[in-house]
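Chemist: Going down the list, the sequences are from chains A and B.
Going by the numbering used here, the first sequence opens with residue 1033, and the numbers climb by one from there.
Going by the numbering used here, the second sequence opens with residue 1033, and the numbers climb by one from there.
Glycine is no exception: its CB is placed at the ideal position from the N, C-alpha and C atoms.
Owing to the predicted nature of the structure, the values given are computational and were not obtained by experimental measurement.
Sharing a structure, written as C-alpha cells. Questions coming.
2 protein chains.
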Amino acid sequence: MGKIEVTFLGTAAGIPTKKRAHPAIHLAYTLDKEVCYLFDCGEGTQRQMLFAGLNFMKIKKIFITHWHGDHYLGLPGLVETMGFEGRKEPLTIYTPEPERTKTLLSIGYFSPGFEILYRNVPAEGSKIEKLVETDYFEILSISVEHTVPAVCYALVEKDRVRIDKEKLKSLGLPEKDKIYRILKEEKEIVFKGKKIKLEDVSFVEKGKKIVYSGDTRICENLKKISQNADLLIQDCTYFDLNDFEQDYGHASVEEVMDFIEKVNVKKVILTHISRRYKNLKDLKEKIKKYPNLEIAKDFMRIIL
Amino acid sequence: MGKIEVTFLGTAAGIPTKKRAHPAIHLAYTLDKEVCYLFDCGEGTQRQMLFAGLNFMKIKKIFITHWHGDHYLGLPGLVETMGFEGRKEPLTIYTPEPERTKTLLSIGYFSPGFEILYRNVPAEGSKIEKLVETDYFEILSISVEHTVPAVCYALVEKDRVRIDKEKLKSLGLPEKDKIYRILKEEKEIVFKGKKIKLEDVSFVEKGKKIVYSGDTRICENLKKISQNADLLIQDCTYFDLNDFEQDYGHASVEEVMDFIEKVNVKKVILTHISRRYKNLKDLKEKIKKYPNLEIAKDFMRIIL
C-alpha cells in the first residue's frame, strides 16, 4: 500500500554529540500524494532537514512527545523558518500541555503569517487516542511512563480490501475499474445473471504500523500500542542500567530485548542513545541474537 | 597584552544553510587565565561548539543582542547541557528585556542546578553602558537601530602602563619586580638620592577593542562605539539593498564600505549573511578595494 519513509534526524539523548543531534523523526507517507509529519523536534532539526534533503515546507503536522528540551527546542526555529519561507497553510502541533507551545512560540518578536493549531495530547490514563484520521491511516497516541507527562505515537495504516484479479478472471469477469468500484461500493455485483460477492473475489491487505515510543520506561501502555507493529522506534538511553545512578525514566537494552519477546514487532530501532556510548561494538555484541534489532544513526532512512 | 580569540559559530541570517548556522560568536580572552564569553546564541550553538572544539562549561557570561529567534534559540539548550554536565558556577545572561530570558528558560521541565543571573541591557538612548569590568577589560553596550529593541556589544581592553626596561637600565636602576611595583603604585621612586617619575621610565600600551554590531542599520550609536576598533564584526545581511523589497533593519555592503571610511577600524568581518548569497564571488569582487574587509565563515577563527 502506502510507501512509508522514516528519516532519523536526531538520535541523541539529552546531550548531543558530533554524530548525534537531538531527537526528531521525519515520516513521509506516500499513496497518491505525499504527506509529511515530524515526530519530536529537538534543537537543530531544521538544519538536519537541510542536510537530509528534506523540505520543511512540506510538514503538515508536528507531534511532540513531552516537554524536555531535547524534544522540543527546534520547534520555534522551524516554525519561524516556515514563516520566512512564506508558508500560508495552517500547521497543527500536537503536544501534551499545549499551553507550553503557545508560550514557546511567543517569546521573541515573531508572528508566523500562517495559522498554528494547538492540539492537546492526553498524557495520562491508558486509552489509545485517535489524533488524526485520513483515508489511508490514523495517528494514535497513548501516555507512557517518563519522569514528566509523556506520550508515545503510532501511525497505523488502514487495512485495505484488494480485488484478487486472478479470481475475477477465473469467474469470467473483465478487468475493469467500473467492476472493481461497484464491488467495493455495493459489496456484490450481478454478472451474466450470477451474483458475485466482494469477499469471493477479494482479500484484505493488512496496513502497516509504526510506533515511536518517545522517552519512556517499558510499560503496559507501550505494550498495548506496539502489538503487531512493523517498526518500533524505541527509547534505549541505557545500554546497561548499572551505568546510571538514578532512574531517569528510560528503557535499557535488556528491557527492550525482554519486551520484544512479549510483543509481536517485526523490526525495532533503538534511539535516544546516551552520549556515554561512543563505541557501539559492545551494544552490537549484546543484541546480536536479535536480528530485528538495530541501532539508529542520524540520517538513517527506513522504507516500509 | 591579552590574547583574544574570536570563533564564529554561526554566520547565517534568519534562515540557516548547510554551511551557515544561526548567529553565535565565542570570545576567549587570555591573560594569566582564560575568560570565555558568548555573543548571541542561535539554534544549534552547542553543537557548533562541539564541532569547533570549544568547551561550553567554560562560558562565564552570555550576551544576546535582541529577541529575534536566530539570535537566542540556542540559549535554553546550552543552559540545559551546562546543567546536565553538573555546572555549579553561576551564569550571567545579558539581554534587552530580560524577563523574556526567564520565560524562555522556564517553558520545559528543567531546573539548571546553578544560579542564573538575568541582566538588563538598555536598548534605547545613546549612552554607552558598562556591563562588565575586570582587571583587564570592559564589556560595553549601546542601543542600535533594528526593527525591534537591539544592542551592540564591545570588548575594550584596558590600556596598560608598561615599564620601559631599557630606560630604567640607562638610569642605573636594577631590573627588580619591587622597583616596578613601587613605581606603578607610588608613581615615583627615590634611587640613590635621585627622584625618578613613572612617566620617565614607562609607556602606555593601548588596549584592543572588538565590536559586535548585532543586527542593525548603520547608525550614529554604532559609529560612536566602533571608533578605533581593532575588529568590527558587522551585520551585512544585504550585498545589495535592491535585493530586498522591504527594510528589515540591516546593513548592506555599500553602507558598510561607506561607514568604515568614516570610522577608524582596523579590520571588519561581515556576518549575518543572507541565504540568497550562495556564491560569494560577486561580493568578494565588490569589496576587493578594501583589504581590511572580510566575509565570515562558520568556524572561522581570528586571533588578536
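Should residue 1212 of chain B and residue 1190 of chain B be called a contact, given that it needs their Cβ atoms to be closer than 9 Å?
Modeler: no
Chemist: Would you say the region 1262 to 1271 of chain A touches the region 1236 to 1243 of chain A, given that touching needs at least three Cβ pairs under 8 Å?
Modeler: yes
Chemist: Of the residues that make up the region 1045 to 1056 of chain B, which ones have a beta carbon closer than 9 Å to any beta carbon in chain A?
Modeler: 1046, 1047, 1048, 1049, 1050, 1053, 1054
Chemist: Comparing alpha-carbon positions, which option in B/1125, B/1097, B/1299, B/1090 lies nearest residue 1151 of chain B?
Modeler: B/1125
Chemist: 9 Å is my cut-off, CB to CB: does residue 1108 of chain A come that close to chain B?
Modeler: Yes, its Cβ sits closer than 9 Å to a Cβ of chain B.
Chemist: Nearest to residue 1099 of chain B by CA position, among B/1305, B/1253, B/1294, B/1179, is which residue?
Modeler: B/1179
Chemist: Assuming residue 1281 of chain B contacts residue 1177 of chain B under a Cβ cut-off of 8 Å, what Cβ separation, rounded to an integer in Å, is found between them?
Modeler: 7 Å
Chemist: Excluding the 5 residues preceding and the 5 following residue 1260 of chain A in the sequence, name in chain order all residues of the same chain whose CB lies nearer than 7 Å to its CB.
Modeler: Around residue 1260 of chain A, the same chain offers 1241, 1296 as residues with beta carbons nearer than 7 Å, after the five sequence neighbours per side are excluded.
Chemist: Short of 6 Å in beta carbon distance, which residues of its chain neighbour residue 1221 of chain B, apart from the five on each side in sequence? Order them along the chain.
Modeler: 1214, 1215, 1228
Chemist: Give the residues from the region 1114 to 1138 of chain A that approach chain B closer than 7 Å (Cβ to any Cβ), ordered along the chain.
Modeler: 1116, 1132, 1135, 1136
Chemist: Hey, is residue 989 of chain A's beta-carbon within less than 9 Å of any beta-carbon in chain B?
Modeler: Coverage of chain A is limited to positions 1033 through 1336, which leaves residue 989 of chain A absent and any answer about it impossible.
Chemist: Rounded C-beta distance between residue 1196 of chain A and residue 1235 of chain A? I'm assuming under 8 Å.
Modeler: 6 Å
Chemist: When burial is assigned at 16 or more other CB atoms within 10 Å of the CB, is residue 1258 of chain A buried or exposed?
Modeler: buried
Chemist: With 16 other CB atoms within 10 Å as the buried threshold, where does residue 1043 of chain B fall?
Modeler: buried
Chemist: Starting from residue 1042 of chain A and walking both ways along the alpha helix (DSSP H), at which residues does that stretch end?
Modeler: That residue, residue 1042 of chain A, is in no alpha helix (DSSP H); its beta strand (DSSP E) goes 1035 to 1042.
Chemist: Using the beta-carbon count (16 or more within 10 Å), is residue 1052 of chain A buried or exposed?
Modeler: Per the 10 Å Cβ criterion, buried.
Chemist: Along the region 1082 to 1095 of chain B, what residues have a CB closer than 8 Å to any CB found in chain A?
Modeler: 1082, 1083
Chemist: Can you tell me whether DSSP reads residue 1103 of chain A as helix, strand or coil?
Modeler: If DSSP states are grouped into helix, strand and coil, residue 1103 of chain A belongs with the helices.
Chemist: Look at residue 1079 of chain B and residue 1294 of chain A and say whether their C-beta atoms are less than 9 Å apart.
Modeler: no
Chemist: Mind checking who residue 1266 of chain A pairs with in its DSSP beta bridge?
Modeler: A/1302.
Chemist: Nearest by alpha-carbon distance to residue 1276 of chain A: which of A/1252, A/1292, A/1309, A/1254 is it?
Modeler: The option with the nearest alpha carbon to residue 1276 of chain A is A/1309.
Chemist: Residues bridged to residue 1151 of chain B by DSSP?
Modeler: B/1126
Chemist: Determine, for residue 1235 of chain B, whether the minimum Cβ-Cβ distance to residues of chain A falls below 9 Å.
Modeler: no
Chemist: Going by CA-CA distance only, name the one from B/1231, B/1217, B/1174 that's closest to residue 1251 of chain B.
Modeler: B/1174
Chemist: Let me know the secondary structure DSSP gives residue 1271 of chain A once reduced to three states.
Modeler: coil
Chemist: For residue 1323 of chain B, is the classification buried or exposed, using 16 other Cβ atoms within 10 angstroms of its Cβ as the cut-off for buried?
Modeler: exposed
Chemist: Per DSSP, residue 1171 of chain A is paired with what?
Modeler: Beta-bridge pairing by DSSP links residue 1171 of chain A to A/1164, A/1187.
Chemist: Measuring alpha carbon to alpha carbon, tell me which of B/1122, B/1033, B/1188 ends up nearest residue 1064 of chain B.
Modeler: B/1033
Chemist: Can you tell which of B/1184, B/1181, B/1182, B/1209 has the C-alpha that lies nearest to the C-alpha of residue 1194 of chain B?
Modeler: B/1209
Chemist: Roughly how many angstroms separate the alpha carbons of residue 1200 of chain A and residue 1224 of chain A, rounded to a whole number?
Modeler: 14 Å
Chemist: Thinking just about the alpha-carbon of each residue, which of A/1272, A/1060, A/1046 is nearest to the one in residue 1288 of chain A?
Modeler: A/1272
Chemist: Quick check on DSSP: helix, strand or coil for residue 1307 of chain B?
Modeler: Of the three classes helix, strand and coil, the one that applies to residue 1307 of chain B here is coil, per DSSP.
Chemist: Under 6 Å Cβ to Cβ from residue 1335 of chain A, same chain only, skipping five residues before and after it: list those, please.
Modeler: 1037
Chemist: Under three-state DSSP, which class holds residue 1084 of chain A?
Modeler: helix
Chemist: Between residue 1277 of chain B and chain A, is any beta-carbon pair separated by less than 9 Å?
Modeler: no
Chemist: Measure from the alpha carbon of residue 1035 of chain A to the alpha carbon of each residue in A/1068, A/1054, A/1062, A/1171, then state which is nearest.
Modeler: A/1062
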